[in-house]
Amino acid sequence: MKIYIAGHGGMVGSAIVRHLKTPGQTRIITRTRKELDLLDQHAVMDFMQSEKPDQVYLAAAKVGGIHANNTYPAEFIHDNLVIETNVIQAAHKSGVHKLLFLGSSCIYPRNAAQPMAEESLLTGPLEPTNEPYAIAKIAGIKLCESCNRQYGTDFRSVMPTNLYGPGDNYHPENSHVIPALLRRFHKAVQNQAPEVKIWGSGTPKREFLHVDDMAAAAVHVMNLDAATYQAHTQPMLSHINVGTGVDCTIQELAQTIARVTGFTGRLTFDTTKPDGTPRKLLEVTKLKSLGWTPSIGLEQGLTNAYTWFKTNQANFRQ
């Protein structure tokens, strides 16, 4: 079986590569950004028709935290729309058997009932700080569903909660909350700082999933037989949430990261900074009914992520 992983250099894509590397069973196809620009429609079509993979994991995306989404909204909606359109269209035209599109829990309305079920999609306004990115991800779901309805393809979508782990982005301005805090606490320990300042009030609640669990879930959903997948979804509501079903406050997260990094100072919260969505917890009953549950706890996962960070920190922008 030939499997193409779009975005194999990113956190999620690299985790899927690790999960799929079973000698003799699969041929994994990857291309770097220099080798294949996913924003180039003709290049993507030529590649897909030449390689003709059996399966495609669409993990490529432009991603970032609140600061990045607020600063570059046009890039976030444009680049993500173009990438997913190019890959999904080329997959269809090249006869790809199965495709799995990876979205994000930010597709749900800002004030959606918690935990957020798949049925919450398109029932209210989105969180303004990442609306352009969310719109692009919703469009990706609908591209897959529309191809299935019109062409009879088997293109599926999974919506992960907040991810972290090896390969995460530790950019000082554009990273998500866990890598940002791991880096900040690590520096505080190194510098023997008396306090660590954290954006926002610390009260918003978030759910976090280790990227290796995400990879396992993605492969599980991809390999479900068509009858099972269709029995648990609807033609125009086909995406599946991927999460732990458990959340914590940002303050509780910070306290856990303090333990993991060995920081013993005080925590302060900068309430002049935005909190974002008050709560984001996914309803994961559907995924559990399909036979998958996560295996990596938060503190265990954070310890793993911190170990990876310390090993690779020389490669990060200071």
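Oh and the sequence shown: position 69 is 350 in our numbering, straight run, nothing missing. Where is the CB? At the ideal position from N, CA and C, for every residue including glycine.
Quick one: residues in its chain with C-beta nearer than 6 Å to the C-beta of Ile-364, no 5 flanking neighbours on either side, listed in chain order? These residues qualify, in order along the chain: Leu-319 and Ala-341.
Simplified DSSP assignment, three categories, for Met-397
The three-state reading of DSSP puts Met-397 in strand, counting E and B together.
**Asked** Looking at C-alpha atoms only, which residue of Gly-446, Pro-390 and Asn-361 is the closest neighbour of Thr-410?
**Response** The candidate whose alpha carbon is nearest that of Thr-410 is Pro-390.
query: Taking the DSSP output, what are the residues bridged to Arg-547?
result: Paired residues: Glu-476.
Original post:
CA-CA distance, Pro-453 and Leu-463?
Top reply: About 11 Å.
request  = Could you pull out every residue in the same chain whose Cβ sits closer than 8 Å to the Cβ of Gly-405, ignoring the five residues on either side in sequence?
outcome  = Leaving aside the five residues that flank Gly-405 on each side, the residues in its chain whose CB is nearer than 8 Å to its CB run, in chain order, Pro-390, Arg-391, Asn-392 and Ala-393.
So, for Lys-343: in the same chain, excluding its five sequence neighbours on each side, which residues have a beta-carbon less than 7 Å away from its beta-carbon?
These residues qualify, in order along the chain: Glu-356, Phe-357, Asp-360 and Asn-361.
**Prompt:** Just how far apart, CA to CA, sit Thr-558 and Lys-468?
**Reply:** Each residue's Cα considered, the two are about 28 Å apart.
- Alpha-carbon spacing of Leu-565 relative to Val-523, whole angstroms: It should be pointed out that residue 565 corresponds to Val in this sequence rather than to Leu. Across the structure, Val-565 and Val-523 are spaced so that their CA atoms are roughly 6 Å apart.
**Prompt:** Apart from the five residues just before and just after Asp-449, which ones in its own chain have a Cβ nearer than 6 Å to its Cβ?
**Reply:** Short of 6 Å from the beta carbon of Asp-449, and not among the five residues preceding or following it, lie these beta carbons of its own chain, in chain order: Met-292 and Pro-460.
Checklist entry - With DSSP run on the structure shown, which of helix, strand or coil describes Asn-411? => result In this structure, Asn-411 counts as helix in the three-state DSSP scheme.
- Item | Helix, strand or coil at Ala-371 according to DSSP, with G and I counted as helix | DSSP places Ala-371 in helix when its eight states are reduced to three.
TODO: Kindly indicate the opening and closing residues of the beta strand (DSSP E) around Asn-350.
DONE: Not the beta strand (DSSP E): Asn-350 falls in the alpha helix (DSSP H), residues 347-352.
| Can you pull the DSSP bridge partners for Tyr-445? | His-491.
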